[in-house]
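Worksheet: the structure to be examined is printed underneath.
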Amino acid sequence: MKRNTGFVLAGLFVSLLLAGVVSNFASGSPDGLDSASTQGCELDGEEIVGGACMGSGAQDHELADSPFADYGLTAVDNGFVGTAVAGAVGVLLTFAVAGGLFWLTRSRRPAAGTPAAEAAAIEAPAGGPQS
Numbered sequence: 003m004k005r006n007t008g009f010v011l012a013g014l015f016v017s018l019l020l021a022g023v024v025s026n027f028a029s030g031s032p033d034g035l036d037s038a039s040t041q042g043c044e045l046d047g048e049e050i051v052g053g054a055c056m057g058s059g060a061q062d063h064e065l066a067d068s069p070f071a072d073y074g075l076t077a078v079d080n081g082f083v084g085t086a087v088a089g090a091v092g093v094l095l096t097f098a099v100a101g102g103l104f105w106l107t108r109s110r111r112p113a114a115g116t117p118a119a120e121a122a123a124i125e126a127p128a129g130g131p132q133s
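What the sequence shown shows, in my numbering, is residues 3 to 133, in sequence order.
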């Protein structure tokens, strides 16, 4: 288990760096889906004001007012810091959930060649229980 710890910590560090810093430099331009869904509509900035398009019936999500809506932290006035904190919290929550799932589903048998595995082999003969 110790040999994987460095790899996992390095992955956590890189993920935190990407989510907390690099994500602030992502493009703010609409992606392909946003562009395609507004074709045929009249726009005032990002808001649809007329026309007929796929996005004309779009509504805000039920959680649009949540603290982490729109890839940021609404309680923080600085957009850079809000995005960094939201990204870091997302990475830490994902690692915590994944770590918990790995812990719950891990093999409970001792690894071959360890003292615990050798003790288990001595206690339980290879032929199984005798009748």
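Cβ atoms here follow ideal geometry from the backbone N, Cα and C, with glycine treated the same way. None of the values given here were measured: they were computed from a predicted structure.
Residue interval of the alpha helix (DSSP H) (run including residue i)
i, result
"L20", "K4 to G22"
"F82", "G81 to T107"
"S25", "Run containing S25: none; DSSP gives neither H nor E here."
"S68", "Run containing S68: none; DSSP gives neither H nor E here."
"L35", "G34 to S39"
Identified DSSP bridge partners for residue i
i, result
"C55", "According to DSSP, which records beta bridges pairwise, C55 is partnered with nothing at all."
"I124", "Beta-bridge pairing links I124 to no other residue."
"E49", "D46"
Start-to-end residues for the beta strand (DSSP E) that takes in residue i
i, result
"D46", "C43 to D46"
Buried versus exposed call for residue i [16 or more other C-beta atoms within 10 Å across all chains shown]
i, result
"L75", "buried"
"T85", "buried"
"A21", "buried"
"A60", "exposed"
"A1", "Lying outside 3 to 133, the shown extent of the chain, residue 1 is not represented and no answer is given."
"V93", "buried"
Integer-rounded CB distance, given that residue j should sit under 8 Å from residue i
i, j, result
"T40", "G52", "That pair is no contact at about 12 Å."
"F104", "L14", "Contact doesn't hold; Cβ gap of about 13 Å is too wide."
"S25", "G89", "5 Å"
"A54", "G42", "6 Å"
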